[in-house]
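Okay, so here's the structure we're looking at.
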Amino acid sequence: MVPGTGITLHNRGSLYSLDPSHPNIVAPRKRPFHTLSPAMVLNADNSLYMTLGSPGGDGQPQTLVQMLNNVMLFGMTPQRAVEATRFRAYQNGRVSIEPGAADSVLTALRARGYTVNVRPPGAEFGGSQMILVHPISKARITGADARREAYAVAW
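Per the numbering used here, the sequence shown starts with residue -17, numbered consecutively.
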């Protein structure tokens, strides 16, 4: 962590380039492609409600939306939200889904023309972490994903 900032450095800068002809050149007014996609959810008063993130390349937005829905729509705790069954949609109507989805969901997806593959939990479905700030006590409640090596810490 950079002292006094709260910023944790990472090792993903290797995806950037110093070659001026490369699309991922580090330069002013450029936004090089990068696979980290942490997110913050704020309360109406702009105070912090939740932070969440997941590795997983192009699947990161799908993982983040699923975790967010798990908390906001389904009332799950952070730990339950990151452990819940996930899916990953690909091009051409392919869907991978973890065991645990109801048979009726799999049948409905196939009836709509999707090619559905049930696959074991793993890195394909992300490896998320989440910190939620309890609205009353302000306690930090964490969740860490067993799909990858992970733990969540908040203070």
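Cβ atoms here follow ideal geometry from the backbone N, Cα and C, with glycine treated the same way. All figures in this text were calculated on a predicted structure; none of them were measured in a lab.
- Item | Reference P102, options V87, L88 and S78, closest by Cα | S78
- When DSSP builds the beta bridges, which residues end up paired with M112? L34 and G125
- Hey, how far is the Cα of G57 from the Cα of A83? 18 Å
- Own chain, CB closer than 7 Å to G104, minus 5 neighbours either side, in chain order: R129
- Which whole-angstrom value is the C-beta distance of L34 and M(-17), which I expect to be below 8 Å? At roughly 19 Å, the Cβ-Cβ gap does not stay under 8 Å, so L34 and M(-17) are not in contact.
- Query: How many Å lie between P(-15) and N28 at the Cα?
  - Reply: 25 Å
- Task: Tell whether a beta-carbon distance below 8 Å holds between V53 and D127.
- Result: no
- T124 and V115 closer than 8 Å at C-beta: no
- Can you grab the Cα-Cα spacing for the pair P10 / P81, in whole Å? 45 Å
- Item | Euclidean distance between Cα positions of T67 and G108 | 11 Å
- Query: Tell me which same chain residues have a C-beta within less than 6 Å of the C-beta of M22, skipping the five on either side of it?
  - Reply: T33
- Task: Would you grab the beta carbon distance between L91 and V98 for me? Rounded to a whole angstrom, and I think it's under 8 Å.
- Result: 5 Å
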